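Those protein sequence lines, which keep their order, are chains A and B. Oh and the first sequence: position 12 is 17 in our numbering, straight run, nothing missing. Oh and the second sequence: position 38 is 46 in our numbering, straight run, nothing missing.
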Amino acid sequence: MSSREPFDDGLEAELMALGDLIDVPAPPPADVAATVRARLESQPTDPVSAPDAPSPPEPVSPPDPVSPPDAVSAPDLADGPDPAHGPYNSPVRPARARRPGRRDDGRRPAKRGRRARWTIVAAVVVVVIAITAATPQGRAAVARILRFAGVELEVGESTPPPVTTTASLPGERTVSPSEARSQARFEVKVPSRLGPPQSTSVSDNGRVVSMFWPGGVRLDQFDGYIDPYFFKKAGPPYPDFVDVGPYDAWWLKGEHPLGYIAREDGTHVPLRQAAATLIWRQVAINYRLEGVRTKEEAIKIAESLQ
Amino acid sequence: MDDDEAVARSLDGDLAAYEALVARYSALAHRTAYMLGAGDEAEDVVQEAFVKAFRHLASFRRDAPFRPWLLRIVANETHNLTRSRGRRAELAVRLGATADATAPDDPEGTAVATDRRARLLVAVRGLPERERQAVVCRYFLQLSEAETAQVLDWPVGTVKSSTHRGLARLREEVGNEFA
């Protein structure tokens with residue numbers, strides 16, 4: 006575990022926020038999936054036997070000390086068939102000349118029109134930042150809004166007033182561990198360090214799974230990549246940037262207001278005053294662990310997730 | 009169905025399972041390809057990468073996470089593309105047209121924030137290639153250092169140092185709003 010100070014000048018956080026504002030055109034995932042499947046079906050290749058992969062594929066094994074991409078001199082624009090040499094020779098491709106004439110190979114006849122469509126969509130787009138701009142405190146009270154691990158964090162210059170009410174997540178209901186597994190939209194994990202939870206709930210049509218342990222400890226796990234589900238408000242003491250194994254995490258050491266962002270219309274629903282919380286994202290699933298007293302213990306619990 | 013199960017079923021030839029994996033990672037794959045320099049050819053790159061990933065699924069180490077493994081292939085494909093085009097892989101992104109939600113009571117503040125974001129984006133675009141790739145992976149794609157190392161196929165130390173140098177350069181270029 007190492008601890009860094011991301012907010013010493015805010016640049017890293019600013020870059021993350023900027024990244025979230027950048028729109029990248031992409032066709033609907035289901036279309037991509039269908040196209041890929043069609044290509045695989047038209048050129049059947051059993052993934053196990055992989056006849057076009059003559060060498061044990063190293064293309065995407067964990068990083069080994071190889072030359073940096075800048076240093077790639079590779080004159081083989083035709084892409085030699087051996088993927089195992091050098092960092093950027095991709096996993097095997099049929100040794101045929103491909104670029105720049107690749108679009109002439111007739112594999113994707115319908116491409117042009119599709120691209121035009123997505124270029125247009127690229128001009129539309131993204132995100133709301135000024136949630137707090139209309140409040141009496143106005144902009145000055147909120148230095149910036151950060152998004153990380155499905156959580157939107159409003160960082161202000163002063164400690165925000167506490168939430169005095171308590172509400173539950175939309176559609177929250179208590180379920181058995183096995184029901185949670187079947188109703189969740191993702192693989193549910195449990196931190197072995199805490200043992201089996203006292204109770205488990207599922208909320209918002211399987212988007213959030215919460216587990217509870219004695220002493221006010223709870224773990225929320227939720228799907229979602231970019232759009233936040235929760236919002237938090239924080240002032241000094243500012244969040245701490247920490248590591249949970251290989252993953253980045255934020256530790257919010259103080260109590261703070263917590264709310265939920267409705268999937269359908271982006272409404273911010275206040276939930277309660279939350280205790281100290283560790284938030285992190287791991288393999289496309291987001292986690293928030295609340296109610297553990299120390300950062301060190303919270304990280305150990307987080308690392309025991311399985 | 010989690011990644012591991014989807015991979016296992018794909019290896020058994022279950023194309024529906026693989027289709028689910030493609031759908032799951034499609035947006036991220038497009039984002040990665042686009043931001044690493046594929047620009048408007050990201051769609052081709054991603055499609056190619058998914059086809060290749062399927063063909064090489066047998067080489068995927070099952071105890072490792074699928075996401076960086078896949079993104080590494082996407083990065084490879086992107087690199088092949090930009091290399092074949094014989095030009096620098098540029099960060100061809102722009103802020104969404106409506107990215108700057110206006111604050112009705114504070115047009116000036118909105119304009120300042122918009123200007124700063126635009127300058128920061130220009131500065132990222134102008135970084136030397138290594139530093140830009142590191143910054144893009146770490147912050148725009150929000151990958152961990154370990155994932156970045158795997159995706160770019162660099163040692164972790166190189167990721168750290170390139171990121172560090174990139175950040176230092178950006179600080180020089182755009183200053184520090186909150187200092």
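Glycine residues also receive a C-beta, built at the ideal position from the N, C-alpha and C atoms. Bear in mind that the values here come from a model prediction, so they are computed numbers and not experimental data.
Local Cβ density within 10 Å of residue i, reported as buried at 16 or more and exposed below that
i: B/PRO136; result: exposed
i: A/GLY32; result: Here residue 32 of chain A is Pro; the residue named in the question, Gly, does not match the sequence. So A/PRO32 ends up on the buried side.
i: B/GLY183; result: exposed
i: A/ASN210; result: exposed
i: A/GLN203; result: exposed
i: B/PRO76; result: buried
i: B/SER67; result: buried
i: A/VAL274; result: exposed
i: A/SER206; result: buried
i: B/SER18; result: buried
i: B/ARG146; result: buried
i: B/GLY21; result: exposed
i: A/VAL147; result: Model confidence at A/VAL147 stands at a pLDDT of 48, short of 50, so the residue's coordinates are unreliable; what they give is reported in the following sentence. With 16 or more other Cβ atoms within 10 Å, it is buried.
i: A/MET21; result: buried
i: A/GLY15; result: buried
Euclidean distance between Cα positions of residue i and residue j
i: A/PRO182; j: A/SER208; result: 14 Å
i: A/ALA289; j: B/MET9; result: 14 Å
i: A/HIS261; j: A/GLY200; result: 27 Å
i: B/VAL132; j: A/LEU23; result: 11 Å
i: B/LYS60; j: B/PHE148; result: 25 Å
i: A/THR223; j: A/GLU295; result: Per the sequence shown, the amino acid found at residue 223 of chain A is Arg instead of Thr. So the two alpha carbons sit approximately 5 Å from each other.
i: A/ALA280; j: A/ARG42; result: 47 Å
i: A/SER215; j: A/GLU177; result: 9 Å
i: B/ALA14; j: A/TRP285; result: 24 Å
i: A/PRO34; j: B/GLY174; result: 33 Å
i: A/GLY250; j: A/GLN287; result: 10 Å
i: A/GLY264; j: A/PHE227; result: 14 Å
i: B/ASP71; j: A/THR170; result: 44 Å
i: B/ASP34; j: B/VAL54; result: Looking at the sequence shown, residue 34 of chain B is not Asp but Ser. Distance between the alpha carbons of B/SER34 and B/VAL54: 8 Å.
i: B/LEU151; j: A/ALA172; result: 33 Å
i: A/LEU324; j: A/ALA303; result: Outside the modelled stretch of chain A, which goes from 6 to 311, sits residue 324 of chain A, for which no answer is possible.
i: A/ALA189; j: B/ARG32; result: 15 Å
i: B/ALA50; j: A/ILE266; result: 31 Å
i: A/ALA39; j: A/GLY220; result: 48 Å
i: B/LYS168; j: B/TRP162; result: 10 Å
i: A/ARG186; j: A/VAL213; result: 11 Å
i: A/ASP248; j: A/GLU17; result: 15 Å
i: A/LEU26; j: A/ASP253; result: 20 Å
i: B/GLU155; j: B/PHE74; result: 11 Å
i: B/GLU181; j: B/THR166; result: 22 Å
i: B/ALA126; j: B/ALA16; result: 44 Å
i: B/ALA144; j: B/ASP48; result: Before going further, note that residue 144 of chain B is Val rather than Ala in the sequence given. Straight-line Cα distance between these residues: approximately 17 Å.
Residue nearest to residue i in terms of C-alpha spacing, selected from the options
i: A/THR164; options: A/GLY296, A/THR40, A/GLY176 and A/PRO244; result: A/PRO244
i: B/VAL30; options: B/ALA41, B/ALA57 and B/ARG80; result: B/ALA57
i: A/GLU46; options: B/ARG32, B/ALA46, B/ALA24 and B/LEU44; result: B/ALA24
i: B/ASP11; options: B/GLY174, B/VAL159, B/LEU65 and B/HIS87; result: B/LEU65
i: A/THR299; options: A/LYS194, A/THR170 and A/LEU283; result: A/LEU283
i: B/LEU89; options: B/ALA72, B/PHE62, B/PHE74 and B/LEU44; result: B/LEU44
i: B/LEU129; options: B/ARG179, B/SER170, B/GLU51 and B/VAL15; result: B/ARG179
i: A/GLU301; options: A/ARG198, A/ASN291 and A/THR171; result: A/ARG198
i: B/ARG91; options: B/ILE81, B/ASP123, B/ALA72 and B/ALA46; result: B/ALA46
i: A/ASN291; options: A/ALA185, A/PHE246, A/PHE191 and A/SER187; result: A/PHE191
i: B/ARG124; options: A/GLU19, A/ALA303, A/LEU257 and A/ALA254; result: A/GLU19
i: A/THR179; options: A/PHE217, A/VAL193 and A/PRO166; result: A/PHE217
i: A/PRO175; options: A/GLU184, A/THR272, A/VAL297 and A/ILE306; result: A/THR272
i: A/PRO166; options: A/GLU184, A/VAL156, A/GLY259 and A/GLU157; result: A/GLY259
i: B/GLU27; options: B/ASP52, B/GLY134 and B/PHE62; result: B/PHE62
i: A/VAL156; options: A/TRP255, A/VAL193 and A/GLU184; result: A/TRP255
CB-CB length for residue i against residue j, believed under 8 Å
i: B/LEU79; j: B/ALA142; result: That belief does not hold up - the Cβ atoms of B/LEU79 and B/ALA142 are roughly 14 Å apart, past 8 Å.
i: A/ASP225; j: A/ARG293; result: 5 Å
i: A/VAL168; j: A/GLN311; result: Incorrect: roughly 33 Å between the Cβ atoms, too far for contact.
i: A/VAL29; j: B/ARG39; result: 5 Å
i: B/VAL159; j: B/ALA83; result: 5 Å
i: B/THR86; j: B/ALA157; result: The pair is not a contact, with the Cβ atoms about 17 Å apart (cut-off 8 Å).
i: B/GLU139; j: B/ARG177; result: 7 Å
According to DSSP, residues forming a beta bridge with residue i
i: B/VAL59; result: Answer is none; B/VAL59 lacks a bridge partner.
i: A/MET216; result: A/THR205 and A/LEU224
i: A/GLN287; result: A/ILE290
i: B/ASP48; result: Answer by DSSP bridge pairing: none, since B/ASP48 is not bridged.
i: A/PRO167; result: In the DSSP output, where bridge partners are listed per residue, A/PRO167 has none listed.
i: A/ARG178; result: A/VAL207
i: A/PRO196; result: A/LEU310
i: A/GLU314; result: Outside the shown range of chain A, which is 6 to 311, sits residue 314 of chain A, and nothing can be said about it.
Distance cut-off 7 Å: residue i Cβ against heavy atoms of the ligand SAH
i: B/ASP48; result: This structure simply doesn't include the ligand SAH, nor any ligand for that matter.
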